[in-house]
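These notes are about the structure you will find just below.
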Amino acid sequence: MTAIKKDPHDSPVSPDNRDEEKAPQAFNDSIGIDIGTANIVVAQNRGKEVSTTIQSNAFFTIPSSQTTKEIIAGKSVLFFEKNSKLYILGNSSEYFANIFRGNTRRPMKDGILNPKEHESADVIKTIIENLVRKPNTEGEKIWFSAPGEPIGKPNTVTYHKSIIKMHLENLGYSPVPINEGMAVIISELSGNGSEFTGIGISVGAGMCNVCLSYLSIPVITYSIQKGGDYIDSLVGSSVGEPSTTIKGVKEKELNLSIKPRNRVETALHIYYEDLFSSLAQSLQEALGSSDNVPSLPKPIPIVLAGGAVLPKGSREKFSKAFDDVRLPINISDIRIAERPLYATAKGALMMAMREKG
Amino acid sequence: MDPVVLIYSPNEIRGKIISETLRVKGIETRLAASHFEVEALIRENFPRIIILDMKKNISTETDFLDALSQKSTGAEIIVLGDKHDPSVPGAPHITNTRWIPGPLAPESIVSEVHTILFPKRNWPFAKRCNAMASEVLLRLKRFFFWSVPITATLVVGLIGGYVYWCIVTLPDIQSLNSYSPYKASEIYSQDNILLSEFYIERRNMISPDTLPRHVKNAFIAVEDARFYKHAGIDPVRILSSFLTNIKEGGFVQGGSTITQQLAKMIFFKPEKTITRKIKEIAISLQIERRYTKNEILGLYLNNAYFGTRAYGIEAASYIYFGKASNDLSTSEAALLAAIPKAPSKYSPFVDPEKALNRRNYVLKRMFQTGFINQDEYRHALGDAIPEKIHARRYKAPYYVDHCRGILEGMVGDRLYTAGLKIYTTLDYRMQEAAEKAVHEGIERLEKRGITGVQAALLAIDIKTGQIKAMVGGTNFWDSQFNRVTQAKRQPGSTFKPIVFLTALEQGLKPSDTIEDKRIDYYVKGQPDAWTPLNYSKKYHGTVTLKTALAHSFNAATVNLASKVGIENMIKTAHRLGIKSTIYPFYSSAIGSSELTLIELVSAYAALASGKRIEPACITRIIDKEQAILVEPPAREETVVGGESLTAIRDMLQSVVLEGTGRGALVLKRPVYGKTGTTNDCVDAWFIGFDENIALGVWVGRDDHIPIGGDENGATVALPIWVDFMRGSGENPQPARITVYPSVTMAAGAVSVN
Chain B
10 MTAIKKDPHD SPVSPDNRDE EKAPQAFNDS IGIDIGTANI VVAQNRGKEV STTIQSNAFF
70 TIPSSQTTKE IIAGKSVLFF EKNSKLYILG NSSEYFANIF RGNTRRPMKD GILNPKEHES
130 ADVIKTIIEN LVRKPNTEGE KIWFSAPGEP IGKPNTVTYH KSIIKMHLEN LGYSPVPINE
190 GMAVIISELS GNGSEFTGIG ISVGAGMCNV CLSYLSIPVI TYSIQKGGDY IDSLVGSSVG
250 EPSTTIKGVK EKELNLSIKP RNRVETALHI YYEDLFSSLA QSLQEALGSS DNVPSLPKPI
310 PIVLAGGAVL PKGSREKFSK AFDDVRLPIN ISDIRIAERP LYATAKGALM MAMREKG
Chain E
4 MDPVVLIYSP NEIRGKIISE TLRVKGIETR LAASHFEVEA LIRENFPRII ILDMKKNIST
64 ETDFLDALSQ KSTGAEIIVL GDKHDPSVPG APHITNTRWI PGPLAPESIV SEVHTILFPK
124 RNWPFAKRCN AMASEVLLRL KRFFFWSVPI TATLVVGLIG GYVYWCIVTL PDIQSLNSYS
184 PYKASEIYSQ DNILLSEFYI ERRNMISPDT LPRHVKNAFI AVEDARFYKH AGIDPVRILS
244 SFLTNIKEGG FVQGGSTITQ QLAKMIFFKP EKTITRKIKE IAISLQIERR YTKNEILGLY
304 LNNAYFGTRA YGIEAASYIY FGKASNDLST SEAALLAAIP KAPSKYSPFV DPEKALNRRN
364 YVLKRMFQTG FINQDEYRHA LGDAIPEKIH ARRYKAPYYV DHCRGILEGM VGDRLYTAGL
424 KIYTTLDYRM QEAAEKAVHE GIERLEKRGI TGVQAALLAI DIKTGQIKAM VGGTNFWDSQ
484 FNRVTQAKRQ PGSTFKPIVF LTALEQGLKP SDTIEDKRID YYVKGQPDAW TPLNYSKKYH
544 GTVTLKTALA HSFNAATVNL ASKVGIENMI KTAHRLGIKS TIYPFYSSAI GSSELTLIEL
604 VSAYAALASG KRIEPACITR IIDKEQAILV EPPAREETVV GGESLTAIRD MLQSVVLEGT
664 GRGALVLKRP VYGKTGTTND CVDAWFIGFD ENIALGVWVG RDDHIPIGGD ENGATVALPI
724 WVDFMRGSGE NPQPARITVY PSVTMAAGAV SVN
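Protein chains in written order, with this note's numbering: chain B, 10 to 366; chain E, 4 to 756.
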């Protein structure tokens with residue numbers, strides 16, 4: 010395998026993928042990374058700013074030739090060559106997929122490494138390598154998001170977590186996993202007396218990660234292997250449209266707080282309700298069957314993050330799903346993370362900063 | 004800062020919740036991970052409050068609480084759980100505890116802790132006292148001025164009463180007889196080879212009679228030279244220690260005798276109070292009356308702490324010198340005798356210079372007291388001190404580690420404390436053959452320029468399901484990841500027998516035929532077709548099922564799977580014992596769904612015997628009293644019927660006789676099996692069996708990078724398989740071979756010739 014090497018500060022992403030916000034507390038040079046089914050997001054603090062960089066976690070293959078290689082090498086395209094194929098990675102893969110009228114492929118499925126894609130580990134490794142800077146010191150800690158075990162399927166995420174860890178170690182880091190739901194809590198429930206107590210839910214493309222945190226202790230963590238892709242796929246097969254079309258509608262036009270305007274939107278409403286209902290039911294079961302849930306003196310919030318809660322009205326739809334369940338703890342409010350796509354990476358970064366002091 | 008509250012919960016999360024709740028309220032806490040740690044922390048930190056979480060209310064927890072409540076720890080105990088009904092027969096009589104029933108309630112815990120730490124005071128009264136302080140002081144002065152004789156009498160009486168109270172509240176000396184320290188458990192192979200020990204403390208009790216004289220003398224010389232002359236306390240030593248310390252310009256010798264140190268070690272906290280000193284003297288005198296000097300010295304040496312988690316001289320001897328205590332030289336004994344005074348300060352691994360000086364001081368004392376002569380003294384002074392800990396490596400490490408996980412589920416913490424003897428299914432002779440075969444297999448690859456490759460091997464007795472040998476990787480001490488039980492890999496063609504068995508169970512015969520040709524398979528929702536290719540990139544037309552399996556034809560196998568039904572194939576896999584998810588895709592027929600080596604070998608054991616038996620490791624666990632604690636029953640279930648069983652065995656034999664497994668012919672006896680190679684040779688397999696053993700070998704890389712070269716299952720995994728079969732001393736009976744009438748299958752229909 011040959012990968013195109015780049016200066017670590019010369020990210021292959023276009024400038025609009027880089028985002029700055031005020032850092033939440035004292036600063037040091039730390040990194041948090043969210044490795045999701047659809048996107049890989051890196052949060053780093055630079056001075057008094059937090060910089061977030063997002064890269065699509067996808068690839069597209071084209072036959073290798075010297076000419077093609079020379080062309081794409083000059084265009085800041087992230088790629089590597091293997092078995093006489095060029096693997097175009099990240100945001101550029103969508104562009105190439107459109108040119109060649111094909112679909113991008115994903116190295117992750119249902120929140121973990123895609124067992125059907127043999128090169129998944131190499132793809133993720135190369136994308137990560139180009140998103141994070143080199144460690145300042147050998148063994149510098151980096152916090153990365155790790156999915157919770159899916160309900161009833163223990164040891165599902167072990168391999169995924171180990172491979173990601175291995176790649177980060179190869180880059181010279183000491184990787185520390187943080188549960189995705191927990192990262193949402195750390196990111197969103199740090200102030201106003203929240204004391205990192207609440208329920209964090211990351212609704213991603215491949216899975217939903219749930220964490221009940223009490224004073225920053227992850228009391229219950231689990232995942233369900235349903236997410237944005239699940240909605241796209243079921244809506245697509247219900248209405249006879251490709252899932253890429255459904256994804257486009259969902260990301261650009263969908264408003265879950267108003268009545269659906271066509272049959273695609275109707276199906277999207279139905280499967281969003283199905284997803285949120287699954288989440289509510291799972292939470293009722295997980296909280297109801299655990300001895301670890303403490304009696305809390307006051308109600309706690311639920312925070313939603315992840316790309317699948319970007320459509321307007323997600324919060325209301327989610328709240329409605331909770332009408333039919335009874336939880337052993339009282340919920341004060343349901344809120345959407347300030348920046349849903351970046352909350353997990355930001356939480357991982359905050360953990361890194363907390364650790365460094 | 005010492006923790007105010009010590010917390011123990013068998014559930015780590017509940018423990019953390021309690022700890023964090025108190026911590027945010029500004030209360031120092033410490034979370035103990037085990038009963039052992041609770042006891043150690045009580046001894047070292049004197050917590051004000053101990054919180055025990057007994058939500059699970061299991062008997063070990065109740066026993067622990069019972070024991071704790073009877074100790075004079077000085078701490079208040081809060082128990083989270085439902086209080087025992089003392090009227091229930093057999094219920095422990097636990098007193099002096101506060102109970103918080105119901106679900107985990109952080110606020111109630113905080114409230115209870117506050118009640119203990121900050122008891123309510125009668126503030127108006129205190130203020131009144133403050134205001135009257137000067138008047139009270141004045142009256143006291145007057146009282147003492149006029150009542151000196153009365154005061155003197157009172158003081159003498161109080162001191163007498165205090166000493167009497169100290170003596171009547173002494174701990175029971177008889178508990179020395181039943182003093183039962185934590186003891187390591189031992190794990191043995193089926194042929195009684197000690198594989199390893201499980202321990203928290205490395206404590207192995209030895210008889211003082213077996214210790215060489217110079218070892219005992221080293222301790223006596225430095226700790227208590229008049230040990231055989233005093234009756235528990237030694238006024239001469241107290242005086243001489245005082246003078247020695249002045250002479251040496253520091254505290255080099257204490258005044259306590261070995262008997263006093265033993266009393267302190269077993270009965271008291273290491274606090275420096277007059278009460279403890281009086282009690283220590285009293286109990287030392289009792290010990291001397293009841294035990295011989297040799298017994299006292301033995302108890303002391305077996306219980307002393309030598310640092311580096313070593314309790315007792317035998318454990319220390321292994322850790323510091325890698326040998327038994329009866330093999331210690333004079334200088335080595337002197338170093339061990341130097342340590343108990345301050346284990347972390349005098350550790351040769353922490354401060355070699357201080358350790359050397361202290362050891363030389365012990366040698367000097369041995370010379371001065373006449374235990375060694377001038378030559379022995381000079382010679383011993385020249386010996387070096389150890390530079391590294393002798394961590395004990397153990398045998399069959401992947402297997403032992405696998406057993407550890409199972410044993411923790413069976414006996415919990417007792418695995419590390421109860422001195423159990425665990426007998427396992429491992430055949431150490433086979434294990435050695437397995438390790439040798441894997442080692443040599445990897446060496447052969449390295450000679451071909453292929454490095455960094457891992458391998459795993461598992462042998463299971465097909466009649467009992469017992470694991471006889473397990474190698475989870477090339478070097479356990481470099482990587483503890485067990486590739487037998489933890490690594491999920493694509494099985495490739497080793498999965499194919501499951502497809503063929505499904506066909507046999509639907510009435511087909513090995514001589515029936517199937518088309519090995521290009522077929523495009525379409526999956527709903529996927530625009531592109533999937534077309535299975537053979538390894539040789541050629542198709543072979545109409546072939547018998549037997550030939551298709553023997554030569555591992557992918558196209559024929561997928562064609563067959565599509566006819567017998569993918570769901571039926573998945574059911575067969577699960578029936579044979581495969582637990583991993585087999586995805587309902589055509590590619591699963593040629594092994595694209597990942598599973599573990601242990602699942603595959605277990606499934607092949609079922610193909611060998613027709614019975615599914617859960618792979619077993621533990622045959623028996625025996626406790627300290629030699630009673631059988633656990634003896635897991637073997638569970639078996641017939642999963643493959645007579646004709647299908649004979650036929651699949653016949654087909655797997657043909658793999659060896661005429662197909663991809665011909666490399667096994669060198670064994671010159673009937674063996675059965677299947678090769679497997681995944682795309683680009685990321686994984687190479689050979690799984691098979693003879694009449695006794697089901698054996699699987701996997702070779703590959705952890706990061707899924709191809710092995711390299713033109714390697715495949717037959718060139719990489721099969722040689723290791725053959726080496727084991729040759730080296731393990733197997734000598735099975737010849738197999739029966741059955742011939743079936745031929746049947747033709749074409750385009751979804753089946754017709755019998």
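Glycine included, each C-beta is placed from N, C-alpha and C at the ideal position. All values derive from a computational prediction rather than experimental measurement.
Within chain B, the residues A130, I172 and M175 have their CB atoms less than 8 Å from the CB of D706/E, given in chain order.
The same chain holds no residue with a CB closer than 8 Å to that of I80/B once the five nearest residues on each side in sequence are set aside.
Put simply, of S298/B, C217/B and I240/B the residue whose alpha carbon is nearest the alpha carbon of V228/B is S298/B.
Residue pairing by DSSP places C220/B opposite G209/B and T230/B in a beta bridge. Interface flag for Y168/B against chain E is set, since a Cβ pair is found closer than 8 Å.
Within the same chain, and ignoring the five residues on either side of V643/E in sequence, the residues whose Cβ sits closer than 6 Å to its Cβ are G613. Excluding sequence positions up to five before and after I631/E, its CB lies within less than 8 Å of the CB of R623, I624 and I625, all in the same chain and listed in chain order.
Interface annotation, V248/B: not in contact with chain E, CB-CB separation never under 8 Å. Pairwise C-beta distances place the segment 416-433 of chain E out of contact with the segment 480-499 of chain E, as fewer than three of them are shorter than 8 Å. Rounded to whole angstroms, the separation of the alpha carbons of Y191/E and A458/E is 25 Å. For R17/E, a Cβ of chain B is located within less than 8 Å of the residue's own Cβ. Residues of the same chain with a CB within less than 6 Å of the CB of G322/B, apart from the 5 flanking positions on each side, are N264, L265 and S266 in chain order. Contact of P124/B with chain E by beta-carbon distance below 7 Å involves E597. Any Cβ of chain E closer than 8 Å to the Cβ of H278/B would place that residue at the interface, and such an atom is absent.
The CB of L224/B comes closer than 8 Å to the CB of I20, E23, T24 and V27 in chain E, given here in chain order. Neighbours of N218/B in chain E, taken as residues at a C-beta separation under 7 Å, are lacking, since the least C-beta distance is about 17 Å.
Annotation for Q53/B: the continuous beta strand (DSSP E) segment containing it runs N48 to R55. Around the C-beta of N100/B, 16 or more other C-beta atoms lie within 10 Å, and the residue is accordingly described as buried.
Chain B has no Cβ within less than 8 Å of the Cβ of E443/E. According to the DSSP assignment, P109/E belongs to the alpha helix (DSSP H) that extends over P109 to L120. By a beta-carbon distance limit of 8 Å, G712/E does not contact F689/E. Their separation comes to about 17 Å. Nearest CB-CB separation between N301/B and chain E: below the 8 Å threshold. For the pair of segments examined, the segment 357-366 of chain B was found to touch the segment 48-62 of chain B: the number of CB pairs separated by less than 8 Å reaches three. Sequence-ordered contacts of the segment 676-687 of chain E with chain B read N682, D683 and V685 [C-beta pairs closer than 8 Å]. Distance from the CA of S287/B to the CA of V219/B, rounded to the nearest whole angstrom, comes to 12 Å.
Against chain E, the beta carbon of S304/B has neighbours under 9 Å at G105, P106, L107, A108, P109, E110 and S111, listed in chain order. Neighbours of V228/B across chain E, judged by C-beta separation under 8 Å: I16 and I20.
If you draw a straight line from the Cα of D378/E to the Cα of T372/E, it comes to about 15 Å. Taking the CA atoms as reference points, N164/B sits about 7 Å from E158/B.
At least 8 Å separates the CB of K541/E from every CB of chain B.
The alpha-carbon of V474/E is positioned some 39 Å away from that of D515/E. When C-alpha distances from A436/E are compared across K541/E, Q489/E, W724/E and S287/E, the shortest belongs to W724/E.
Taking the C-beta atoms as reference points, R344/B is found no nearer than 8 Å to V302/B. The alpha helix (DSSP H) runs of length 4 or more contained entirely in the segment 170-207 of chain B are, from start to end of the chain, 189-197.
Counting C-beta atoms within 10 angstroms of its own C-beta, V669/E has fewer than 16 neighbours from the protein chains shown and is therefore classed as exposed.
Within the model, the alpha-carbon separation for M728/E versus I453/E is close to 24 Å.
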